[in-house]
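Here the structure comes first, spelled out in structure tokens, and everything after it is commentary.
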């Protein structure tokens with residue numbers, strides 16, 4: 001199964017870096033993910049078919065309102081996860097990154113199970129490069145989003161609260 005997943009990722013990953021995908025995906029994927037989450041009570045995400053995926057439950061930086069965002073994550077070990085604010089290579093950082101900067105205490109749902117987390121922005125160059133290597137081992141070429149966006153993509157480590 002791991003070999004099949006690797007082959008599928010290798011075929012699909014280049015498509016996700018095309019201009020057409022980057023134009024369509026931000027419009028189409030969020031409503032599809034929300035509908036699937038509603039229909040499956042949070043137990044299924046379309047993106048989770050290819051990569052580990054979670055729903056980030058954060059607090060709006062300005063509004064203070066609850067916000068939910070579907071994201072790919074990469075396990076780091078010791079119940080730590082890394083998420084990247086690529087936003088399909090757009091020029092602006094995604095809203096959820098501002099939310100975590102303002103309110104680092106958040107929660108994630110993975111396959112319908114919810115966990116409290118604390119987010120930490122990764123700033124060191126060596127640590128960023130090491131985390132990008134892990135992310136790209138999972139999804140080949142993912143850092144291309146950073147190069148094409150013209151900005152330094154925010155990486156966050158999410159550590160399970162209380163452990």
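In UniProt numbering, the protein residues as written are 1 to 163.
We put the beta carbon where it would ideally sit given N, CA and C, even for glycine.
Distance between residue j and residue i (C-alpha atoms, nearest Å)
i, j, result
"residue 135", "residue 155", "10 Å"
"residue 122", "residue 19", "28 Å"
"residue 78", "residue 116", "15 Å"
"residue 152", "residue 142", "13 Å"
"residue 104", "residue 59", "9 Å"
"residue 160", "residue 76", "12 Å"
"residue 145", "residue 162", "33 Å"
"residue 149", "residue 3", "31 Å"
"residue 252", "residue 13", "With the chain covering 1 to 163 only, the question about residue 252 has no answer from this structure."
"residue 37", "residue 25", "17 Å"
"residue 35", "residue 118", "27 Å"
"residue 124", "residue 133", "14 Å"
"residue 93", "residue 86", "7 Å"
"residue 29", "residue 71", "11 Å"
"residue 32", "residue 10", "23 Å"
Residue i: CB within 6 Å of a non-hydrogen atom of the ligand HEM
i, result
"residue 43", "What this structure holds is no ligand at all, so the ligand HEM is not there to describe."
Three-state class that DSSP yields for residue i in the structure shown
i, result
"residue 70", "strand"
"residue 88", "helix"
"residue 156", "strand"
"residue 52", "coil"
"residue 59", "strand"
"residue 44", "coil"
"residue 18", "coil"
"residue 26", "helix"
"residue 123", "coil"
"residue 102", "helix"
"residue 76", "coil"
"residue 34", "helix"
"residue 133", "helix"
"residue 3", "helix"
Residue i versus the options, residue with shortest Cα-Cα distance
i, options, result
"residue 88", "118, 7 and 147", "147"
"residue 129", "84, 99, 69 and 54", "84"
"residue 157", "43, 91, 108 and 61", "108"
"residue 66", "99, 32 and 92", "99"
"residue 64", "81, 32, 110 and 101", "101"
"residue 138", "80, 113 and 52", "52"
"residue 114", "120, 41, 132 and 91", "41"
"residue 91", "10, 22 and 140", "22"
Integer Cβ distance of residue i from residue j, believed to fall under 8 Å
i, j, result
"residue 69", "residue 96", "4 Å"
"residue 126", "residue 57", "Actually they are not in contact, since the Cβ atoms of residue 126 and residue 57 sit about 30 Å apart, beyond 8 Å."
"residue 82", "residue 131", "5 Å"
"residue 43", "residue 112", "4 Å"
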